[in-house]
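Notes to accompany the following structure.
Protein chains in written order, with the working numbering: chain G, 167 to 483; chain D, 117 to 393.
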């Protein structure tokens, strides 16, 4: 086996981890009205870490508790955990009832939704979409707060707002979704919206890209492990094994995350099972040859023709 | 199987120095991303908290309060020599107003015009002269009538005229004053007084409100605190830290000057438009 694919997966994991680190750094900062830098606080990160842990636990439970088996696999899991925690903490409202409403929605989407075993991702695309919407909402309320408007929206009450009576002023507008500077985690001098929003949007993009890269590379890394084991067999035998067990099926067949000995046993069992299936098929084809095939048309004819063609291909010239 | 696994182990790459270095970089970045979150936000240090060296006017708010007459003479020494005699005379006239004349009537008189001219000069002088100017404005607001009666022909005129003096001072010194240890608190007081006067002008009519006064007051205060530009000014920051309710109402309330009026009533109960009567 060449080192090429393995290097590629490792590079992907490391690059993803560095992107996650950079993104997390940007998501952890904000700029106040005087241009000073300060942190966004640990509370949102704690919520993000909790949800990331829940997402990873949900994934581990669906994969029969399989774990990373080497240093690079562990790097991928750690980077993925922090990536997910940073993305969630960066997208959530920084505090108050809005944050807990978002947490509730995320719990429903991230942890209760079964992860897709085919993609092997820790977090579904729909959850990423939801997080993007949360980020937009966070940017909006931060914008409102930076203008000292401590509400999500202010709506004119129809009819009442059209009347030219001052005594109706208090009931002419309805404030929807109020919040406070404390809930928003704003610095005492207020938030410089443009700079902070740029930091957060860039950090979110970097973390998301890093997370996707780490996830894809971790899958590739696991495939490389399986491939490396198969390639310890003599070349022609390894070719047969890889034809019997195509790479696309390795994750679905539960080969990812197995310790080496269990992986070897699992491959042996799968090869044995597939060979038995091939043998059974060959015997069935032989039987059809002995019976003899009569021509025909329609569905039966097409099936017979397909079997004949396949038999001829199987028979050595 | 044992032999195969030994060969398998040999095929897996070990973490070489370069890879370990990249893992280290990623680790440091992630650790830094967690650490920066506890970076404390800088405390807002208001200008009046800054210690001043050398001779200075202490407790400048006393010169704007009810007992200003007791200390007003201290201001003389801070006025430029060429203006000092005029200031001394004007101070005497303002602090000796009796009978609660209407603000417009008094300002349009000989003495009033002289004081108004002097205020213009003091606004372009030193910070101490700016404080002296503001002390005169506050005393005028204290000793003249600007709360309109039912029979007033132009009910908003008195309050609007005095608000004009406070507004002119704020335009000249509001922003600079908010950063100045001597003028930070007086600048906030001037903003509250301006809001109170314009609110009075706005609600001076028996029926309805004076929209023009409201719009003018709102526009001026919005500019002064930085609502129009989307970025708060130093005066806006100062008002936000000390009078958050007034600022909240300035942004959100349907009657946006109401917060300044309420805060001014609390801070200066004797400024009632009827000479404390």
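Glycine included, every Cβ here is placed at the ideal spot set by N, Cα and C.
Span of the beta strand (DSSP E) around residue i
i: residue 209 of chain D; result: Element bounds for residue 209 of chain D: not the beta strand (DSSP E) but the alpha helix (DSSP H), 200-211.
i: residue 341 of chain G; result: 339-344
Segment limits, alpha helix (DSSP H) that includes residue i
i: residue 284 of chain D; result: 273-294
i: residue 168 of chain D; result: Per DSSP, residue 168 of chain D belongs to no alpha helix (DSSP H) and is neither H nor E.
i: residue 195 of chain G; result: Looking at the DSSP string, residue 195 of chain G is not in any alpha helix (DSSP H); the run it does join, the beta strand (DSSP E), is 195-197.
i: residue 298 of chain G; result: 291-312
i: residue 135 of chain D; result: 133-151
i: residue 389 of chain G; result: 359-396
i: residue 345 of chain D; result: Counting along the chain, residue 345 of chain D falls outside any alpha helix (DSSP H), and DSSP gives it neither H nor E.
i: residue 267 of chain G; result: 262-272
i: residue 229 of chain D; result: 226-239
i: residue 90 of chain D; result: Nothing in the structure corresponds to residue 90 of chain D, since chain D is present only between 117 and 393.
i: residue 122 of chain G; result: Any question about residue 122 of chain G goes unanswered here, given that chain G covers just 167 to 483.
i: residue 307 of chain D; result: 300-318
i: residue 255 of chain D; result: 243-259
i: residue 367 of chain D; result: 360-368
i: residue 329 of chain G; result: Here residue 329 of chain G belongs to no alpha helix (DSSP H), and DSSP marks it neither H nor E.
i: residue 352 of chain G; result: From DSSP, residue 352 of chain G is part of no alpha helix (DSSP H); its letter is neither H nor E.
i: residue 163 of chain D; result: Counting along the chain, residue 163 of chain D falls outside any alpha helix (DSSP H), and DSSP gives it neither H nor E.
Residue i, DSSP secondary structure in three states
i: residue 410 of chain G; result: helix
i: residue 204 of chain G; result: strand
i: residue 317 of chain G; result: strand
i: residue 421 of chain G; result: coil
i: residue 197 of chain D; result: coil
i: residue 405 of chain G; result: helix
i: residue 379 of chain D; result: helix
i: residue 171 of chain G; result: Legend: pLDDT at residue 171 of chain G = 46, less than 50; position of this residue unreliable, value from coordinates given subsequently. Residue 171 of chain G falls in the helix class under three-state DSSP.
i: residue 192 of chain D; result: helix
i: residue 263 of chain D; result: coil
i: residue 322 of chain G; result: strand
i: residue 175 of chain D; result: coil
i: residue 117 of chain D; result: Residue confidence is low: residue 117 of chain D scores 47 on pLDDT, short of 50, so the model does not pin down where it sits. Its coordinate-derived value is still stated next. Looking at residue 117 of chain D - three-state DSSP - the assignment turns out to be coil, as it is neither helix nor strand.
Alpha-carbon to alpha-carbon, residue j and residue i
i: residue 202 of chain D; j: residue 279 of chain D; result: 23 Å
i: residue 334 of chain D; j: residue 384 of chain G; result: 59 Å
i: residue 179 of chain G; j: residue 347 of chain D; result: 42 Å
i: residue 305 of chain D; j: residue 200 of chain G; result: 23 Å
i: residue 445 of chain G; j: residue 433 of chain G; result: 18 Å
i: residue 195 of chain G; j: residue 145 of chain D; result: 13 Å
i: residue 244 of chain D; j: residue 376 of chain G; result: 59 Å
i: residue 358 of chain G; j: residue 203 of chain G; result: 10 Å
i: residue 109 of chain D; j: residue 380 of chain D; result: Only positions 117 to 393 of chain D appear in the structure, and residue 109 of chain D is not among them; the question remains open.
i: residue 286 of chain D; j: residue 158 of chain D; result: 27 Å
i: residue 295 of chain G; j: residue 473 of chain G; result: 47 Å
i: residue 252 of chain D; j: residue 188 of chain G; result: 57 Å
i: residue 387 of chain D; j: residue 173 of chain D; result: 23 Å
i: residue 345 of chain G; j: residue 307 of chain G; result: 9 Å
i: residue 391 of chain D; j: residue 340 of chain D; result: 28 Å
i: residue 389 of chain D; j: residue 198 of chain D; result: 33 Å
i: residue 343 of chain D; j: residue 143 of chain D; result: 43 Å
i: residue 383 of chain D; j: residue 188 of chain D; result: 20 Å
i: residue 337 of chain D; j: residue 357 of chain D; result: 16 Å
i: residue 371 of chain G; j: residue 242 of chain G; result: 19 Å
i: residue 153 of chain D; j: residue 361 of chain D; result: 30 Å
i: residue 141 of chain D; j: residue 150 of chain D; result: 14 Å
i: residue 209 of chain D; j: residue 263 of chain G; result: 59 Å
i: residue 236 of chain D; j: residue 269 of chain G; result: 59 Å
i: residue 181 of chain G; j: residue 291 of chain D; result: 48 Å
i: residue 223 of chain G; j: residue 247 of chain G; result: 11 Å
i: residue 331 of chain G; j: residue 377 of chain D; result: 21 Å
i: residue 148 of chain G; j: residue 465 of chain G; result: An answer regarding residue 148 of chain G cannot be provided, because it is not within the stretch 167 to 483 covered by chain G.
i: residue 126 of chain D; j: residue 437 of chain G; result: In this prediction, residue 126 of chain D has a pLDDT of 48, which is less than 50 and means its spatial position is unreliable; what the coordinates show is noted afterwards. Distance between the alpha carbons of residue 126 of chain D and residue 437 of chain G: 24 Å.
Contact set between residue i and chain B, taken where Cβ atoms lie within less than 7 Å
i: residue 145 of chain D; result: The structure shown contains no chain B; the protein chains it does contain are G and D.
(request) Please list the residues of the stretch 385-402 of chain G that have a C-beta atom closer than 8 Å to any C-beta atom in chain D, keeping them in chain order. (result) Listed in sequence order: 391, 394, 395, 397, 398 and 399.
(request) Flag this pair as touching only if the stretch 217-229 of chain D and the stretch 249-269 of chain D have three or more C-beta atom pairs under 8 Å; answer yes or no. (result) Here the stretch 217-229 of chain D lies against the stretch 249-269 of chain D, with 3 or more beta-carbon pairs under 8 Å apart.
(request) Scan the stretch 349-370 of chain G for residues whose Cβ lies nearer than 7 Å to a Cβ of chain D and list them as they occur along the chain. (result) Here the close residues are 353, 354, 355 and 356.
(request) Kindly confirm or deny that the stretch 239-258 of chain G and the stretch 214-227 of chain G touch, where touching means at least three C-beta pairs closer than 8 Å. (result) Yes, since at least three Cβ pairs between the stretch 239-258 of chain G and the stretch 214-227 of chain G fall closer than 8 Å, the two stretches touch.
(message) Below 8 Å, how does it come out for the stretch 368-388 of chain D and the stretch 324-342 of chain G: are there three or more Cβ pairs, yes or no?
(response) Touching, yes.
(request) Using a Cβ-Cβ cut-off of less than 8 Å, give me the residues of the stretch 334-358 of chain D that come near chain G, in sequence order. (result) Going along the stretch 334-358 of chain D in chain order, one finds 343, 346, 347, 348, 353, 356 and 357 with a Cβ nearer than 8 Å to chain G.
(request) Could you tell me whether the stretch 286-303 of chain D touches the stretch 312-329 of chain D, where touching means 3 or more Cβ pairs closer than 8 Å? (result) The stretch 286-303 of chain D and the stretch 312-329 of chain D do not touch, with fewer than 3 CB-CB distances between them shorter than 8 Å.
(request) Count the CB pairs spanning the stretch 221-236 of chain D and the stretch 176-183 of chain D that are closer than 8 Å, and state whether there are at least three. (result) With a cut-off of 8 Å, the stretch 176-183 of chain D and the stretch 221-236 of chain D do not count as touching, because too few Cβ pairs lie within range.
(request) Could you list the residues in the stretch 226-257 of chain D with a C-beta less than 7 Å from some C-beta on chain G, going in chain order? (result) Residues of the stretch 226-257 of chain D whose Cβ lies closer than 7 Å to any Cβ of chain G: none.
(message) Check whether the stretch 338-351 of chain G and the stretch 305-319 of chain G are in contact - that is, three or more C-beta pairs closer than 8 Å.
(response) Enough Cβ pairs lie closer than 8 Å, so yes.
(request) Decide if the stretch 420-428 of chain G is in contact with the stretch 384-403 of chain G; the criterion is three or more beta carbon pairs, one per stretch, under 8 Å apart. (result) A contact exists between the stretch 420-428 of chain G and the stretch 384-403 of chain G.
(request) Using a Cβ-Cβ cut-off of less than 7 Å, list which residues of the stretch 205-226 of chain G approach chain D; keep chain order. (result) Correct list: 205, 206, 207, 208 and 211.
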